[in-house]
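Let me begin by presenting the structure, written as C-alpha coordinates, before commenting on it.
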Amino acid sequence: MFQNPVYAAIVALTVFEAAMISEIVRSGLQSIDRGQMEAARSSGLTYTQALWYIILPQALRRMVPPMVSQFISLLKDTSLATVIVLAEMMHNAQIIAGKNANWAVPILAMAAIVYFVVNFVLSIVARRLEARYV
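Residues 44 to 177 in this note's numbering are what the sequence shown spells out, letter by letter.
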(Lines of atoms letter the chains of each structure in order from A; the text may use other names.)
(Lines give C-alpha, C1' and ligand atoms only; values in the text may rest on other atoms or scores of the structure.)
Protein backbone atom coordinates (compact mmCIF):
# COMPACT_ATOMS: atom_id res chain seq x y z
CA MET A 44 0.00 0.00 0.00
CA PHE A 45 2.71 2.49 1.02
CA GLN A 46 5.65 2.06 -1.32
CA ASN A 47 7.40 5.15 -0.02
CA PRO A 48 8.67 4.87 3.59
CA VAL A 49 8.00 8.59 4.11
CA TYR A 50 4.26 8.03 3.65
CA ALA A 51 4.31 5.00 5.91
CA ALA A 52 6.08 6.99 8.64
CA ILE A 53 3.68 9.90 8.30
CA VAL A 54 0.63 7.63 8.52
CA ALA A 55 2.01 5.65 11.47
CA LEU A 56 3.00 8.73 13.45
CA THR A 57 -0.27 10.50 12.59
CA VAL A 58 -2.41 7.59 13.78
CA PHE A 59 -0.42 7.28 17.00
CA GLU A 60 -0.43 11.01 17.69
CA ALA A 61 -4.14 11.31 16.87
CA ALA A 62 -4.90 8.73 19.55
CA MET A 63 -2.71 10.49 22.10
CA ILE A 64 -4.00 14.00 21.32
CA SER A 65 -7.62 12.84 21.38
CA GLU A 66 -7.03 11.36 24.84
CA ILE A 67 -5.51 14.65 26.02
CA VAL A 68 -8.51 16.59 24.69
CA ARG A 69 -10.98 14.10 26.18
CA SER A 70 -9.36 14.21 29.61
CA GLY A 71 -9.09 18.00 29.46
CA LEU A 72 -12.81 18.33 28.74
CA GLN A 73 -13.75 15.78 31.40
CA SER A 74 -11.63 17.57 33.99
CA ILE A 75 -14.04 20.51 33.98
CA ASP A 76 -16.73 20.22 36.63
CA ARG A 77 -20.12 19.16 35.29
CA GLY A 78 -21.68 22.09 37.12
CA GLN A 79 -19.99 24.48 34.70
CA MET A 80 -22.02 23.10 31.80
CA GLU A 81 -25.21 23.06 33.88
CA ALA A 82 -24.67 26.69 34.91
CA ALA A 83 -24.01 27.77 31.33
CA ARG A 84 -27.06 25.92 30.03
CA SER A 85 -29.29 27.31 32.78
CA SER A 86 -28.21 30.84 31.90
CA GLY A 87 -29.61 30.36 28.40
CA LEU A 88 -26.59 29.32 26.36
CA THR A 89 -26.94 26.56 23.79
CA TYR A 90 -24.77 23.47 24.17
CA THR A 91 -22.36 24.72 21.48
CA GLN A 92 -22.13 28.18 23.03
CA ALA A 93 -21.55 26.71 26.49
CA LEU A 94 -18.84 24.48 25.13
CA TRP A 95 -17.18 27.27 23.14
CA TYR A 96 -17.37 30.12 25.67
CA ILE A 97 -17.30 28.33 29.04
CA ILE A 98 -15.88 24.81 28.89
CA LEU A 99 -13.17 25.01 26.19
CA PRO A 100 -11.31 28.04 27.63
CA GLN A 101 -11.04 26.29 30.98
CA ALA A 102 -10.11 22.94 29.44
CA LEU A 103 -7.52 24.55 27.18
CA ARG A 104 -5.57 25.69 30.22
CA ARG A 105 -5.34 22.09 31.33
CA MET A 106 -4.62 20.68 27.87
CA VAL A 107 -1.71 22.93 26.84
CA PRO A 108 1.09 21.36 28.97
CA PRO A 109 0.42 17.72 28.01
CA MET A 110 -0.22 18.72 24.39
CA VAL A 111 3.16 20.45 24.05
CA SER A 112 4.80 17.56 25.87
CA GLN A 113 3.24 15.19 23.35
CA PHE A 114 4.59 17.25 20.44
CA ILE A 115 8.07 17.13 21.97
CA SER A 116 7.64 13.37 22.28
CA LEU A 117 6.62 13.22 18.61
CA LEU A 118 9.84 14.95 17.65
CA LYS A 119 11.80 12.30 19.51
CA ASP A 120 9.63 9.49 18.12
CA THR A 121 10.57 10.37 14.56
CA SER A 122 13.78 8.42 15.16
CA LEU A 123 11.60 5.29 15.23
CA ALA A 124 11.03 5.82 11.51
CA THR A 125 14.44 4.22 10.99
CA VAL A 126 12.74 0.86 11.54
CA ILE A 127 10.97 1.24 8.18
CA VAL A 128 14.17 2.30 6.41
CA LEU A 129 13.44 6.00 6.53
CA ALA A 130 16.74 7.67 7.27
CA GLU A 131 16.21 10.49 9.72
CA MET A 132 18.78 12.84 11.22
CA MET A 133 20.30 10.55 13.86
CA HIS A 134 20.48 7.63 11.45
CA ASN A 135 22.25 9.77 8.86
CA ALA A 136 24.66 11.01 11.53
CA GLN A 137 25.51 7.42 12.44
CA ILE A 138 26.09 6.55 8.77
CA ILE A 139 28.47 9.52 8.33
CA ALA A 140 30.26 8.70 11.59
CA GLY A 141 30.63 5.07 10.50
CA LYS A 142 32.31 6.05 7.22
CA ASN A 143 34.96 8.22 8.83
CA ALA A 144 35.88 7.78 12.48
CA ASN A 145 37.34 11.30 12.61
CA TRP A 146 33.86 12.75 12.04
CA ALA A 147 32.08 10.60 14.65
CA VAL A 148 32.20 13.02 17.58
CA PRO A 149 31.49 16.25 15.63
CA ILE A 150 28.60 14.73 13.66
CA LEU A 151 26.97 13.14 16.71
CA ALA A 152 27.54 16.33 18.72
CA MET A 153 25.88 18.36 15.97
CA ALA A 154 22.88 16.00 15.94
CA ALA A 155 22.63 16.30 19.72
CA ILE A 156 22.78 20.10 19.49
CA VAL A 157 20.03 20.19 16.86
CA TYR A 158 17.80 17.93 18.97
CA PHE A 159 18.51 20.05 22.05
CA VAL A 160 17.79 23.36 20.31
CA VAL A 161 14.50 22.14 18.82
CA ASN A 162 13.34 20.63 22.12
CA PHE A 163 14.49 23.68 24.07
CA VAL A 164 12.55 26.02 21.77
CA LEU A 165 9.47 23.82 22.09
CA SER A 166 9.77 23.85 25.89
CA ILE A 167 10.02 27.66 25.88
CA VAL A 168 6.89 27.81 23.72
CA ALA A 169 5.21 25.44 26.17
CA ARG A 170 6.10 27.61 29.14
CA ARG A 171 4.82 30.74 27.42
CA LEU A 172 1.57 29.07 26.38
CA GLU A 173 1.11 27.68 29.87
CA ALA A 174 1.76 31.09 31.44
CA ARG A 175 -0.67 32.68 29.01
CA TYR A 176 -3.50 30.26 29.73
CA VAL A 177 -2.97 29.80 33.47
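Backbone N, C-alpha and C define an ideal beta-carbon position, used for all residues, glycine too.
Where residue i sits in the DSSP three-state scheme
i	result
Q73	helix
L99	helix
T121	helix
Neighbour-count burial assignment, residue i, 16 or more Cβ in a 10 Å radius
i	result
A136	buried
I156	exposed
V107	buried
I150	buried
Cutoff 6 Å; reference residue i; Cβ partners in own chain excluding five residues on either side
i	result
I75	I98, Q101 and A102
V148	none
M133	S122 and A154
*Identify every run of the alpha helix (DSSP H) within the segment 129-162, keeping only runs that are complete inside it and at least 4 residues long; order them along the chain.*
The segment 129-162 contains these whole alpha helix (DSSP H) runs: 132-142.
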